[in-house]
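Here the structure comes first, spelled out in structure tokens, and everything after it is commentary.
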Amino acid sequence: MKVTVARVYLHESANAHEKILRYLHDDAKVCGATLFRGISGFGRSGEVHTSSLLTLSLNLPVVVEFFDRPERVAEVVKHICTLVDPSHILTFDATAHDPSNGDA
Numbered sequence: 023m024k025v026t027v028a029r030v031y032l033h034e035s036a037n038a039h040e041k042i043l044r045y046l047h048d049d050a051k052v053c054g055a056t057l058f059r060g061i062s063g064f065g066r067s068g069e070v071h072t073s074s075l076l077t078l079s080l081n082l083p084v085v086v087e088f089f090d091r092p093e094r095v096a097e098v099v100k101h102i103c104t105l106v107d108p109s110h111i112l113t114f115d116a117t118a119h120d121p122s123n124g125d126a
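Be aware that the sequence shown starts at 23, since it is given in the numbering used here, and climbs by one per residue.
As structure tokens, this is what we get:
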């Protein structure tokens, strides 16, 4: 089955990841979503955000990843573009394997 995967790159301090995950679950009802928390990263500003044992950073990178049918993802991404900078959203085509159809 052909699907589209979308990744939304954010940082924790904006709390947009929580709104997006809630939207994906409650309203959009996409096939699946995962929220990843990075241990370090940087964006347009060039400032590196990182975690260590000595500090507690509340501004670490996060990625919201979700997938569904291509037309459904396109619709959902339009809405997410109203919440975050569209340049922080990537999409790509993928294939979901269905073992009941002989896919391995």
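Built from N, CA and C at the ideal position, the CB exists for glycine as well. Note that the coordinates shown come from a computational prediction; the quantities given were computed from them, not determined experimentally.
In the three-state DSSP reduction, Glu34 falls in the helix class (H, G or I). If you draw a straight line from the Cα of Val106 to the Cα of Thr117, it comes to about 27 Å. Its Cα nearest to that of Val98, the residue Leu43 stands out among His33, Met23, Asn37 and Leu43.
Sixteen is the threshold: when 16 or more other Cβ atoms of the shown chains lie within 10 Å of the Cβ of Thr26, as they do, the residue is buried. Only exposed fits Phe64, as fewer than 16 other CB atoms lie within 10 angstroms of its CB. Secondary structure note for Arg59: its beta strand (DSSP E) is the uninterrupted segment Gly54 to Arg59. Counting other Cβ atoms within 10 Å of its Cβ, Val95 reaches 16 or more and is therefore classed as buried.
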